[in-house]
Amino acid sequence: MSELIFYTHPMSRGRVVRWMLEELGISYVTKAMEYGAEMKSQEYLAINPMGKIPAIRHGSIVVTEVAAIIAYLADQFPSKKLAPPLESTERGAYYRWLFFIAGPLEMATSAVAYGWHIDDSNAQAVGCGHIDDSLNTLEKVLETSPYICGDQFTAADILLSSYLWWGIMQKNIPPKEVFKEYIGRTESRPAAKRANEIDDELATKMKPVSF
1 MSELIFYTHP MSRGRVVRWM LEELGISYVT KAMEYGAEMK SQEYLAINPM
51 GKIPAIRHGS IVVTEVAAII AYLADQFPSK KLAPPLESTE RGAYYRWLFF
101 IAGPLEMATS AVAYGWHIDD SNAQAVGCGH IDDSLNTLEK VLETSPYICG
151 DQFTAADILL SSYLWWGIMQ KNIPPKEVFK EYIGRTESRP AAKRANEIDD
201 ELATKMKPVS F
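Spelled out as structure tokens, the structure:
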């Protein structure tokens with residue numbers, strides 16, 4: 001198997017990718033990156049010209065962006081069943097929710113976080129719509145299914161659970177009971193706990209970070 005190098009910082013979206021890697025149960029090498037000069041070094045810019053983490057290098061293949069990384073990994077290790085089979089009818093829903101989370105949901109929660117004004121007069125133009133529409137859409141699905149794509153836990157749940165947890169913690173997403181139950185169901189998984197323990201320990205070895 002090709003070597004997999006994981007570039008990350010424990011106080012970043014890299015925690016989402018860490019969870020994915022632990023769900024897969026595969027061997028990987030962690031390259032912890034400090035914010036600032038190290039991420040902007042020529043060596044790392046050759047990996048990600050944006051100078052951001054997380055990123056992975058799998059053999060000769062480089063993948064950046066959280067949703068892209070976990071989608072790539074799910075397809076590279078199909079035996080782990082973290083994505084519906086390509087030919088399955090569930091694949092469409094999987095794609096839909098994976099990119100809904102990375103697109104409209106993240107943009108809508110960012111709008112709340114940074115005080116961007118979105119109402120009926122401009123919601124259609126900004127693309128993500130009003131955050132209430134995104135959250136109501138998710139709520140309806142999670143009221144009837146244990147996971148975002150139905151009965152099967154997938155990589156999309158890793159992304160969604162992480163974003164909902166962060167949004168609720170930052171008070172950008174209301175702590176609806178259906179969301180809290182979903183987070184409890186997903187983040188109680190052994191791989192999620194293991195990933196958090198790894199990153200919490202790694203954080204003690206890094207320079208302090210303030211956002």
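For the sequence shown, full-length UniProt numbering gives the first residue as 1, with consecutive numbering after it. Beta carbons: idealized from backbone N, C-alpha and C, even for Gly. Remember, it's a predicted structure, so these values are computed and weren't measured experimentally.
The continuous stretches of beta strand (DSSP E) do not include phenylalanine 179, which lies in the alpha helix (DSSP H) extending over residues 177-187.
Taking every protein chain shown into account, the CB of proline 85 has fewer than 16 other CB atoms within 10 angstroms, so this residue is exposed. For lysine 140, the enclosing alpha helix (DSSP H) begins and ends at 131-144. By alpha-carbon distance to arginine 13, the top candidate from Trp165, Gly25 and Thr144 is Trp165. Taking C-alpha positions only, tyrosine 94 is separated from alanine 192 by approximately 20 Å. DSSP places phenylalanine 100 inside the alpha helix (DSSP H), whose first and last residues are 91-100. Assignment of beta-bridge partners to isoleucine 61 by DSSP yields His58.
Here DSSP, grouped into helix, strand and coil, assigns leucine 4 to strand.
Cβ atoms of alanine 46 and threonine 8 stay farther apart than 8 Å, at about 17 Å. Looking at the backbone, the Cα of aspartate 157 and that of threonine 186 are separated by about 7 Å. In the structure shown, the three-state DSSP call for tyrosine 147 is strand.
Taking the Cβ atoms as the reference, alanine 67 lies roughly 4 Å from alanine 102, within the contact range of under 8 Å. In the assembly as shown, glutamate 106 is a buried residue. Its beta-carbon has 16 or more other beta-carbons within 10 Å. Its Cα nearest to that of proline 174, the residue Ser134 stands out among Asp199, Leu21, Tyr147 and Ser134. Inter-segment contact for the segment 113-122 and the segment 137-147 is absent: fewer than three beta-carbon pairs are separated by less than 8 Å. Assignment of threonine 30 by DSSP, reduced to helix, strand and coil, places it in the strand class.
By the neighbour-count criterion, in which 16 or more other beta carbons inside 10 Å mark a residue as buried, aspartate 199 falls on the buried side. With contacts defined by Cβ atoms closer than 9 Å, lysine 207 and glutamate 34 form a contacting pair. For alanine 74, the CB contacts under 6 Å within the same chain, skipping 5 residues up- and downstream, are Leu82, Ala83 and Ala155 in chain order. Straight through space, the alpha carbons of isoleucine 131 and proline 78 are spaced by roughly 33 Å.
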